[in-house]
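Visitor: Heads up: the protein sequence lines correspond to chains A and B, in order. Position 127 of the first sequence, counted from 1, bears residue number 219 in the numbering used here, the numbering being contiguous throughout. Position 10 of the second sequence, counted from 1, bears residue number 11 in the numbering used here, the numbering being contiguous throughout. We put the beta carbon where it would ideally sit given N, CA and C, even for glycine. Predicted model, so just to flag it, every value in this text is computed and none were measured.
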Amino acid sequence: MRTATVLSAVLAAGLTVGATTAEAQTSASIQATATVLSAITVTAGNNLQFGNVTPGVNKTVAIADGGAGTFSVAKGANTGVTLSFTLPTDLSTGGGDLLPIGSWTGGWNTAATPAGATLFTPSAGGSNTTVNAATALTVFVGATVSPAAAQAAGAYSGNVTMSVVYF
Amino acid sequence: MRFQLLLLLAALVAAPSATAQVRITGIRNLTFGPVIVGIPGSIAPSHPTKSGQFRITAPLNSKVQIRFTLPDALTGPSGAQLPITFGSNDAMAVGTAPGSTPITFNPKATRNPQFQPSTAYDVFIGGTVTPAGNQQPGSYAATITLTITNF
Chain A
93 MRTATVLSAV LAAGLTVGAT TAEAQTSASI QATATVLSAI TVTAGNNLQF
143 GNVTPGVNKT VAIADGGAGT FSVAKGANTG VTLSFTLPTD LSTGGGDLLP
193 IGSWTGGWNT AATPAGATLF TPSAGGSNTT VNAATALTVF VGATVSPAAA
243 QAAGAYSGNV TMSVVYF
Chain B
2 MRFQLLLLLA ALVAAPSATA QVRITGIRNL TFGPVIVGIP GSIAPSHPTK
52 SGQFRITAPL NSKVQIRFTL PDALTGPSGA QLPITFGSND AMAVGTAPGS
102 TPITFNPKAT RNPQFQPSTA YDVFIGGTVT PAGNQQPGSY AATITLTITN
152 F
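(1) Starting from A/Ala209, follow its DSSP beta bridges and name the residues at the other end.
(2) May I have the straight-line CA-CA distance separating A/Leu229 from A/Trp200, to the nearest angstrom?
(3) Can you pull the chain A residues whose beta carbon is under 7 Å from the beta carbon of B/Gln136, in chain order?
(4) How is B/Pro35 classed by DSSP in three states: helix, strand or coil?
(5) Quick check: the Cα distance between A/Val256 and A/Leu175, rounded to an integer number of angstroms?
(6) In its own chain, which residues sit with a C-beta less than 8 Å from the C-beta of A/Gly137, not counting the 5 before and 5 after it?
(7) Compare the beta carbon distance of B/Gly53 and B/Arg29 with 9 Å and say whether it is the shorter of the two.
(8) According to DSSP, simplified to helix, strand and coil, what is B/Gln22?
(9) Rounded to a whole number of angstroms, what is the C-alpha to C-alpha distance between B/Ser140 and B/Asn62?
(10) In whole angstroms, give me the CA-to-CA distance for A/Ile193 and B/Thr50.
(11) Taking A/Val153 as the reference, give the member of A/Thr236, A/Tyr248, A/Asn170 with the closest Cα.
(12) Kindly indicate which three-state DSSP category A/Gly161 falls into: helix, strand or coil?
(13) Classify A/Ala126: buried if its beta carbon has 16 or more other beta carbons within 10 angstroms, exposed otherwise.
(14) Check each candidate in B/Ile85, B/Thr146, B/Ser79, B/Val124 and name the one with the smallest Cα separation from B/Ile104.
(15) Is A/Gly137 helix, strand or coil when you go by DSSP?
(16) Could you tell me which chain A residues have their CB closer than 7 Å to the CB of B/Pro132, listed as they occur along the chain?
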C-alpha cells in the first residue's frame with residue numbers, strides 16, 4: 093500500500109510538471125484593408141463673367157447662366173469629394189477700387205451641364221458631393237456683384253479657387 | 002492503489018485546462034480607408050476607429066507570449082500588391098483594469114503581457130501603406146494574425 097502511494101505521488105508529480113511546461117498556441121486574425129484611389133485633378137473652365145454692370149444696380153449670374161464659372165474634376169469611381177472654395181469679397185481694378193461680390197451659389201453635376209445639378213453654397217468649409225460611380229464632375233459657380241451708385245468705372249476681377257479632396 | 006489511481010485520474014480530468022482559459026478574439030480590422038496613389042497612408046495604433054484590435058483574456062498571473070504575423074503587402078485587383086510596413090511603435094497594449102496605462106511596442110517583436118491586475122488586454126495595431134505613383138486603384142486586403150503561446 094505504501095509503495096502504491098509513493099508511486100501515485102511520483103506519477104502525479106510527473107504529470108503536473110509536464111502540464112506546466114507544455115506550450116499551447118491559439119491565434120486570431122483580422123484584416124488590413126485599404127482602398128487605393130486615383131489622384132484628383134481639378135481644371136479651371138469658364139471664368140465667372142458679369143459683363144457690364146451699372147452703378148447702383150446689383151447683377152447676378154446664376155449657375156445656369158452662360159456667364160457662370162466652371163471647374164472640371166476628375167476623381168476615382170465610387171467616391172465622394174469635398175468641394176472647398178477660397179472666395180473674394182470684392183473684385184478689384186488693381187488700382188484700389190473695389191466691387192463687392194457675394195451671395196455665392198454653386199452646383200455640381202456628373203454631366204457637363206447645369207441642368208439637374210445638385211445645388212450647394214460655395215464656402216471655405218466645404219460641401220460634400222455624394223459618393224457616385226462617376227469619375228468626372230463639373231462644378232458651376234454663380235454670384236452677385238453690388239456696384240455702388242458712385243462705383244468707379246473700370247475692369248474688376250478676383251480669383252475664385254476651388255480645392256477638392258476625398259472624404 | 003486502484004482507488005488512489007482513480008482519484009489521481011479524476012483530479013487530472015477535473016483540472017481546468019489553462020489553454021482553454023486563454024482566449025484571443027479579433028475585434029476590429031486595420032482600416033486605412035481611401036489612400037491616394039503616390040501618397041503613403043498611416044494609421045496609429047491609438048486611432049479610435051481605424052486601428053486593428055484584438056482582445057486577449059487570461060486568468061490572473063497567466064504567463065503568455067504574443068506574436069504578430071504581419072504581411073508585407075496587401076493584395077488588390079488582379080493580384081496587385083500594396084506595400085505595408087510596421088514601425089517600432091505601431092502596436093499598443095492596454096489592460097482593461099481601471100487605470101491601466103497603454104504601452105506601445107514593436108509589433109515585429111514578441112511580447113509577454115502581465116495579466117496582473119488586468120485579466121483582459123486589448124492589443125491594437127497600426128501601420129503604413131505606400132501606394133506607388135502608378136498603383137492600380139481598387140480594394141486591397143491582407144491578414145494580420147496574433148498568436149498567443151501559453152506557458
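Guide: The relevant details are as follows:
(1) Locating residue 209 of chain A in the first sequence gives position 117, counting from the first residue. DSSP lists no partner for A/Ala209.
(2) Locating residue 229 of chain A in the first sequence gives position 137, counting from the first residue. Locating residue 200 of chain A in the first sequence gives position 108, counting from the first residue. The straight-line gap from Cα to Cα measures roughly 7 Å.
(3) Reading the second sequence from its first residue, position 135 is the one you call residue 136 of chain B. Those are Val128, listed as they occur along chain A.
(4) To locate residue 35 of chain B, count along the second sequence from 1; it is residue 34. Strand, per DSSP.
(5) Start at 1 with the first residue of the first sequence, and residue 256 of chain A comes out as number 164. Start at 1 with the first residue of the first sequence, and residue 175 of chain A comes out as number 83. A/Val256 and A/Leu175: Cα-Cα distance of roughly 5 Å.
(6) Mapped onto the first sequence, residue 137 of chain A falls at position 45. Annotation for A/Gly137: Gly161, Thr162, Phe163, Ser164, Thr230 place their beta carbon closer than 8 Å to its own, counting only its chain and skipping 5 residues before and after.
(7) What you label residue 53 of chain B is simply residue 52 of the second sequence in a count that begins at 1. What you label residue 29 of chain B is simply residue 28 of the second sequence in a count that begins at 1. Against a cut-off of 9 Å, the Cβ pair of B/Arg29 and B/Gly53 comes out as a contact.
(8) Start at 1 with the first residue of the second sequence, and residue 22 of chain B comes out as number 21. If DSSP states are grouped into helix, strand and coil, B/Gln22 belongs with the helices.
(9) Here the question's residue 140 of chain B lines up with position 139 in the second sequence. Here the question's residue 62 of chain B lines up with position 61 in the second sequence. Approximately 42 Å between the Cα atoms of the pair.
(10) The count along the first sequence starts at 1 and reaches residue 193 of chain A at position 101. The count along the second sequence starts at 1 and reaches residue 50 of chain B at position 49. A/Ile193 and B/Thr50: Cα-Cα distance of roughly 42 Å.
(11) As a working note, residue 153 of chain A is residue 61 in the first sequence. Closest option to A/Val153, Cα to Cα, is A/Thr236.
(12) The residue given as residue 161 of chain A occupies position 69 in the first sequence. Note: A/Gly161 maps to strand in three-state DSSP.
(13) Here the question's residue 126 of chain A lines up with position 34 in the first sequence. The residue is buried, with at least 16 neighbouring Cβ atoms inside 10 Å.
(14) Residue mapping note: residue 104 of chain B aligns to position 103 of the second sequence, counting from 1. Comparing Cα positions, the closest option is B/Val124.
(15) Counting from 1 along the first sequence, the entry for residue 137 of chain A is found at position 45. If DSSP states are grouped into helix, strand and coil, A/Gly137 belongs with coil.
(16) Along the second sequence, read from residue 1 onward, the residue named residue 132 of chain B stands at position 131. Result: Val128.
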